[in-house]
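So the structure is just underneath, and the comments pick up after that.
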Amino acid sequence: SAIYQSIFYMPVVLSLAIVGFIWKSVMDSPRQGLFNVVLGRTEQGNQIDWVGNAEKIFEFHIPGLDTPLGLTKNFAAILIAMAWRHIGYVMVLYLAGLKSVDPAMREAAAIDGCNEWQAFRRVIFPVMKPINVVVFVITVIEALRAFDIIFALKSPPGTKVLGVLVRDNLVGEGGGQVGLGSAYGVVLLLLCLGFIIWYLFNNYREVET
Numbered sequence: 001s002a003i004y005q006s007i008f009y010m011p012v013v014l015s016l017a018i019v020g021f022i023w024k025s026v027m028d029s030p031r032q033g034l035f036n037v038v039l040g041r042t043e044q045g046n047q048i049d050w051v052g053n054a055e056k057i058f059e060f061h062i063p064g065l066d067t068p069l070g071l072t073k074n075f076a077a078i079l080i081a082m083a084w085r086h087i088g089y090v091m092v093l094y095l096a097g098l099k100s101v102d103p104a105m106r107e108a109a110a111i112d113g114c115n116e117w118q119a120f121r122r123v124i125f126p127v128m129k130p131i132n133v134v135v136f137v138i139t140v141i142e143a144l145r146a147f148d149i150i151f152a153l154k155s156p157p158g159t160k161v162l163g164v165l166v167r168d169n170l171v172g173e174g175g176g177q178v179g180l181g182s183a184y185g186v187v188l189l190l191l192c193l194g195f196i197i198w199y200l201f202n203n204y205r206e207v208e209t
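Mapping to our numbering: the sequence shown position 124 is 124, numbers consecutive.
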């Protein structure tokens with residue numbers, strides 16, 4: 001058990017830049033990345049472009065916006081890389097939360113006729129609300145600062161997150177737009193602060209009650 005936990009947690013101690021370079025070697029189709037080697041798609045013209053394919057998996061329209069929103073295939077690949085980086089930390093948090101649940105609550109749920117799924121959904125999961133809030137806030141903040149992985153993958157098309165926009169406008173090619181880059185940075189800061197304040201507000205409210 002400890003060995004598996006250590007394996008899952010190992011990516012957490014790596015920097016996002018290293019994680020980006022690891023997944024670059026895994027998904028880099030022009031240089032026969034690991035995915036294409038495993039799938040046998042190593043010949044020229046037969047390779048899968050995991051990072052460069054900006055085709056949308058799905059899209060939806062929002063009234064007032066001319067450009068439809070959606071999820072591209074290369075951004076989905078980046079999300080998988082980011083999930084691999086953070087799943088170990090989330091696993092540790094949930095393991096700690098599950099161990100802190102009073103066994104008497106599970107026994108009471110079983111006596112009331114709840115099966116395992118009902119006990120988890122109606123008893124255990126609500127008790128773990130503080131853990132869920134922490135995981136949600138950390139996940140959102142890490143997603144907002146997902147610059148390293150995207151930069152290591154050479155900023156594929158359709159993956160312009162706020163961190164990349166800040167860098168491109170300040171020091172990237174054709175940069176020097178300090179005002180625009182600073183504006184993106186302020187938006188990034190406000191989004192992070194918003195989720196942090198929301199977490200602190202919920203946390204202190206629960207302590208007071």
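Glycine included, C-beta positions come from ideal geometry on N, C-alpha and C.
In this structure I131 is in contact with G97, their Cβ atoms being roughly 4 Å apart against a cut-off of 8 Å. Between D102 and A109, the alpha-carbon positions lie close to 12 Å from each other. Counting only runs of 4+ residues, the alpha helix (DSSP H) found wholly inside the segment 17-102 occupies 34-39 and 73-99, in chain order. The criterion of a C-beta distance shorter than 7 Å is not satisfied by K73 and N46. Between L144 and L191, the beta carbon gap of about 6 Å places them in contact (Cβ cut-off 8 Å). According to the DSSP assignment, A143 belongs to the alpha helix (DSSP H) that extends over K129 to L144. Within a 10 Å sphere around the beta-carbon of G64 sit fewer than 16 other beta-carbons, which makes this residue exposed. The three-state reading of DSSP puts G113 in coil, since its state is none of H, G, I, E or B. Of the residues assessed, N115 falls on the exposed side of the cut-off, its CB having fewer than 16 other CB atoms within 10 angstroms. The C-beta of D28 has 16 or more other C-beta atoms within 10 Å across all chains shown, which makes the residue buried. Across the set T67, K56, Q5 and A76, the C-alpha of A76 shows the shortest separation from the C-alpha of W23.
In this structure, the beta-carbon distance from V19 to L153 does not fall below 7 Å. For V137, same chain residues with a beta-carbon under 8 Å away, outside a window of 5 residues either side, are F195, I196, W198 and Y199 in chain order. Rounded to whole angstroms, the Cβ separation of L34 and V26 is 4 Å, and the two are in contact under 8 Å.
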